[in-house]
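In what follows, a single structure is set out as structure tokens and then discussed.
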Amino acid sequence: MHDKHNYKLILYMFPIYLIACIYLLTPLVVLKQKLSKVSLMRSSGVDLSQIGDMYKNPLESFSMILSDGKVLKGFLLAFLLFSIILVVLYFLFKNMETGEEQSGVNYLKDNGTQGTANWMDNEEAKKVLGVGTEKGMVFGTIKDGIKNKMVTLPPDTFFNKNIAVFGASGSMKSRSFVRPNIMQIAELGESIILTDPKSEIFESMSQFLRDKGYNVKALNLVNMINSDRWNPLNEVEDDISAQSFAETVMANTKEPGARQDEFWSKTEMNLLKALVLYVVKENPEEERNLSAVYSMLALNDPSTIDAVFRALPSTHPAKMPYNIYSQASENVRTGVVIGLGSKLQVFQNKLVQNLTATSDIDLTLPKREKCAYFCITSDMESTFDFIAGLFFSFLFIKLVKYADYAPKEGQKDVYFILDEFP
158 MHDKHNYKLI
168 LYMFPIYLIA
178 CIYLLTPLVV
188 LKQKLSKVSL
198 MRSSGVDLSQ
208 IGDMYKNPLE
218 SFSMILSDGK
228 VLKGFLLAFL
238 LFSIILVVLY
248 FLFKNMETGE
258 EQSGVNYLKD
268 NGTQGTANWM
278 DNEEAKKVLG
288 VGTEKGMVFG
298 TIKDGIKNKM
308 VTLPPDTFFN
318 KNIAVFGASG
328 SMKSRSFVRP
338 NIMQIAELGE
348 SIILTDPKSE
358 IFESMSQFLR
368 DKGYNVKALN
378 LVNMINSDRW
388 NPLNEVEDDI
398 SAQSFAETVM
408 ANTKEPGARQ
418 DEFWSKTEMN
428 LLKALVLYVV
438 KENPEEERNL
448 SAVYSMLALN
458 DPSTIDAVFR
468 ALPSTHPAKM
478 PYNIYSQASE
488 NVRTGVVIGL
498 GSKLQVFQNK
508 LVQNLTATSD
518 IDLTLPKREK
528 CAYFCITSDM
538 ESTFDFIAGL
548 FFSFLFIKLV
558 KYADYAPKEG
568 QKDVYFILDE
578 FP
């Protein structure tokens, strides 16, 4: 609608513009022709009275154009050149505007009734962002004079570095924001953690990062044969981390929209926590994995599981969560074992067992050296979401703990680029 209005305005103004050009340019065209004749004939002067008369009486200009073909041809050429110059000047001055107000947007910032927010202008941007610099997270470009200048969030900014990018499918979020910022972070030599639902970013950027000296790993929950391995139980060290583990598994194995009695979920969580702590503390190192937890649950009846835990000393970390679980009746315990076994049934799959058997991925390494970790998940199904949930939960815990307690010198910043992160 706005563009249609502009086209109508141009159409209405064109006759006025044409008349003005005839008045201004025709005498100059005639003058140019007279000067050319003087030059050819080597005369001593030019009679300018006709030129003055044409400005005094505009009708003479129209008469000259209609009666003299050379004048008409010269006018058309001058008109074209003059119009081109005006268009070029228009765009130059338009680009030099500060952009304080966008076309088609009406602001009430001075009124304040609906708030005072408005688009940041160039001068404001220069105070808080890096304009014309090439270090830091890339936001895009702005017009500064007649040039486009890059806008970045400098690495040493006093702002936090949390950035949210919204856009529909196909709006080039990955191409215009994710990939350029991977390159920017690589130039800084910092670590990167990425979610990659379609593995497109891994395919296009992994070799670039390896060439930059990065330790590149991929937790591929779509094509597990081609995945680096990660054993979640390697991250469980005490009852606190076991609690985080159990809560994450339970939260990510719920049926979407399904209602479940808190009693059952809490009892299943206590049993899972007890099983995890038992496997971590009692099994040989090579058998400390989720497959061992599932086998212990699936290959034993509730009475056998009870016998295993009753034999533990009261100081064992698995004893307390087991005791809470064991308060339930025998029928309830049987239901809890079946329910928890159903939630962990993905470990019947050999690919999942191999994926979680041991660890190729060190969760604290990104703080010590430059790493790029890709988490490739399916955007079609949620079967393995709890593994991705565990990965990120323990990644946050481990990185924060390392940042808090390890010597600060030499620690890498870790950037999370979470594409299509739920």
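Position 271 of the sequence shown, counting from 1, maps to 428 under my numbering, and the rest follow consecutively.
Don't be surprised by glycine CBs; every beta carbon is placed ideally from N, CA and C.
Query, Result
"Can you name, in chain order, every residue of its own chain whose Cβ lies under 6 Å from the Cβ of T255, other than the five neighbours on each side?", "Reliability of the predicted coordinates at T255 is poor, the pLDDT of 44 falling under 50, and the value obtained from them is presented with this limitation in mind. These residues qualify, in order along the chain: D278, N279."
"Taking the straight line between their C-alpha atoms, what separation do you get for F236 and I179?", "8 Å"
"Suppose you measure from the CA of Y482 to the CA of K284; what does that come to, to the nearest Å?", "59 Å"
"Does the region 556-565 come close enough to the region 497-517 to have 3 or more Cβ pairs within less than 8 Å?", "no"
"What does M426 pair with, by DSSP beta-bridge criteria?", "DSSP lists no partner for M426."
"Note down, in chain order, each residue of its chain lying with its Cβ closer than 7 Å to the Cβ of I518, except the 5 sequence neighbours on either side.", "K374, L376, D385, W387, Y530"
"Taking its Cβ as the centre, do 16 or more other Cβ atoms sit within 10 Å of M158, making it buried, or is it exposed?", "Because M158 sits at a pLDDT of 47, beneath the cut-off of 50, its placement in the model cannot be relied upon, and the following sentence gives the value as read from the coordinates. It counts as exposed."
"Between the region 451-460 and the region 422-436, are three or more C-beta pairs nearer than 8 Å?", "yes"
"Suppose contacts are defined by Cβ-Cβ distances below 8 Å. Is I299 in contact with V308 by that definition?", "yes"
"Look at the alpha carbon of F543 and the alpha carbon of G293, and state the distance between them as a whole number of angstroms.", "33 Å"
"Note down the Cα distance separating K507 from M329, rounded to an integer number of angstroms.", "37 Å"
"According to DSSP, is I342 helix, strand or coil?", "helix"
"Examine the Cβ distances between the region 497-505 and the region 358-375 and report whether three or more of them are shorter than 8 Å.", "no"
"Taking the alpha carbon of L185 as the point to measure from, which residue in F171, Y174, L229 has its own alpha carbon closest?", "L229"
"For a test of the three-state rule: what should DSSP assign to T255, helix, strand or coil?", "Note on T255: pLDDT 44, under 50, position unreliable in the model; no value is reported."
"In whole angstroms, what separates the C-alpha of S363 from that of P441?", "35 Å"
"Do L552 and I350 have their beta-carbon atoms positioned less than 8 Å apart in this structure?", "yes"
"Entirely within the region 462-535 and at least 3 residues each: give me those beta strand (DSSP E) ranges in chain order.", "528-533"
"With a Cβ-Cβ cutoff of 8 Å, do R445 and L390 count as a contact?", "yes"
"L345 and P311 - do their beta-carbons sit closer together than 8 Å?", "no"
"Anyone know if the C-beta pair for N317 and I574 falls short of 8 Å?", "no"
"CB-CB under 7 Å to N427, same chain, minus the five flanking residues each way: which ones, in chain order?", "P478, I481, Y482"
"Just confirm the distance between the C-beta atoms of D576 and V335, as a whole number of angstroms; I'd bet it's less than 8 Å.", "6 Å"
"Rounded to whole angstroms, what is the Cα-Cα separation between A399 and Y572?", "26 Å"
"Please state whether DSSP places A307 in a helix, a strand or coil.", "The amino acid occupying residue 307 in the given sequence is Met; Ala does not appear at that position. Three-state DSSP puts M307 in a strand."
"Per DSSP, which one or two residues make a beta bridge with L376?", "C532"
"Using DSSP with H/G/I as helix, E/B as strand and the rest coil, what is M294?", "strand"
"Taking Cβ positions, are E347 and D570 nearer each other than 8 Å?", "yes"
"Can you list, in chain order, the residues of its chain whose CB lies under 7 Å from that of E125, leaving out five sequence neighbours each side?", "This structure cannot speak to residue 125, because the chain is shown only from 158 to 579."
"Take A403 and list the residues in its own chain whose beta-carbon comes closer than 6 Å to its own, dropping the five residues that flank it on each side.", "M426, L429, K430"
"Taking the beta strand (DSSP E) that V571 belongs to, which residues open and close that run?", "571-575"
"On the DSSP letters alone, give me the boundaries of the beta strand (DSSP E) that L351 sits inside.", "348-352"
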